[in-house]
Amino acid sequence: MCATKRTYITNCLRVIRNAWHFYYALVLVFKVVCGSIGIALLTP
3 MCATKRTYIT NCLRVIRNAW HFYYALVLVF KVVCGSIGIA LLTP
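Sequential numbering of the sequence shown, starting at 3, is according to this note's numbering.
Spelled out as structure tokens, the structure:
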């Protein structure tokens, strides 16, 4: 029971960590895209 519970907790933490990495990557891409659009709009 102990080993199974520990594995479950480890898997949960791994999923949470992956979700955070995905979130930060998504924010980074969003900023780059918005920055590119902003630069494109500012240049005549």
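Glycine residues also receive a C-beta, built at the ideal position from the N, C-alpha and C atoms. Computed from a predicted model, the values in this text were never measured in an experiment.
Just so you know, the alpha carbons of Ser38 and Leu44 end up roughly 10 Å apart. In the three-state reduction of the DSSP assignment, Thr45 falls in the coil class. Shown here for Ile41: not one same chain residue has a beta carbon closer than 7 Å to its own, the five before and five after excluded.
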